[in-house]
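So the mapping is simple: our numbering equals the position in the sequence shown, first residue as 1, plus 78. To start, the structure itself, in structure tokens.
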Amino acid sequence: MKFVYVFLALVTPAICLAQTSTNPKPEKQISFARETKPHTYYVQQAELWWKEVQKDSTSETNWYNYFRACRNAWGSDDWKSDFIKESPYLKTGDDIVKLIYAHIPDSFTYYYLSYLNGGFGKENGENILKAYRMNPNFEGIHSSVVSYAASNFKDSLRKEVNKAWYKTNYFSPSLLSYTIMS
Numbered sequence: 079m080k081f082v083y084v085f086l087a088l089v090t091p092a093i094c095l096a097q098t099s100t101n102p103k104p105e106k107q108i109s110f111a112r113e114t115k116p117h118t119y120y121v122q123q124a125e126l127w128w129k130e131v132q133k134d135s136t137s138e139t140n141w142y143n144y145f146r147a148c149r150n151a152w153g154s155d156d157w158k159s160d161f162i163k164e165s166p167y168l169k170t171g172d173d174i175v176k177l178i179y180a181h182i183p184d185s186f187t188y189y190y191l192s193y194l195n196g197g198f199g200k201e202n203g204e205n206i207l208k209a210y211r212m213n214p215n216f217e218g219i220h221s222s223v224v225s226y227a228a229s230n231f232k233d234s235l236r237k238e239v240n241k242a243w244y245k246t247n248y249f250s251p252s253l254l255s256y257t258i259m260s
């Protein structure tokens, strides 16, 4: 009987791991700056989220997670310009934003991701402002709005969003350390 317990204790985790790795599920994607996972994880998640996009191309959740998985794969590959050659499921931000526009053009996800993809310049500012008006409580949007406001000398907007951001408690430890040290 002791042998059976030892056998089950050793074999059960291996069976569970094998089942998990052979049937992975798409997981909510978080910026790799906040939560680091292996590069292969992000490539696999891009594939899984692309399949979700194919099932429902009007889902903002599917598009957001697909964009984030591809961006995380790119960043975790040292921002190499040819990162998309690794998998047919990886796409550049430009290509993803064009696809989002084709499927859900007047959406929070389109405005937010087109801003993230395009950078923090003035020419893209209206997109982040539209996204913020549509969903001011979206996790992660505050940092983008604050960056936009600070780089465009919009102090009242920066202060307003910083107050809202503070209430969310969605800060990276590095950001808090930076603000304490500066």
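Heads up, the beta-carbon is just placed ideally off N, CA and C, and yes, glycines get one too.
What did DSSP end up calling residue i once you bin it into helix, strand or coil?
i	result
GLU217	coil
GLU105	coil
TYR210	helix
GLU201	helix
ASN230	coil
ASN247	coil
THR114	coil
GLU238	helix
Assuming residue i contacts residue j (C-beta within less than 8 Å), just tell me the rounded distance between them.
i	j	result
ALA227	ILE219	With a Cβ gap of about 12 Å, ALA227 and ILE219 do not count as contacting.
ALA151	VAL131	The Cβ separation is near 15 Å, so there is no contact.
VAL224	ILE206	Rounded, the Cβ-Cβ distance is 10 Å, inconsistent with contact.
ALA124	CYS148	5 Å
SER136	ILE182	Looking at the sequence provided, one finds Thr at residue 136 rather than Ser. About 6 Å; that satisfies the 8 Å criterion.
HIS117	SER159	Going by Cβ atoms, the distance from HIS117 to SER159 rounds to 16 Å, so no, they are not a contact pair.
ASN230	GLY203	6 Å
4-residue-minimum alpha helix (DSSP H) runs that sit fully inside the region 130 to 197, ordered along the chain: 138 to 153, 171 to 181 and 186 to 196
Segment contact, 8 Å Cβ cut-off, at least three pairs: the region 163 to 176 with the region 142 to 149: yes
At least three beta-carbon pairs within less than 8 Å, the region 181 to 195 to the region 204 to 220: yes
Any 3 or more C-beta pairs closer than 8 Å across the region 171 to 182 and the region 132 to 142: yes
The region 237 to 245 contacting the region 99 to 113, beta-carbon criterion three pairs below 8 Å: no
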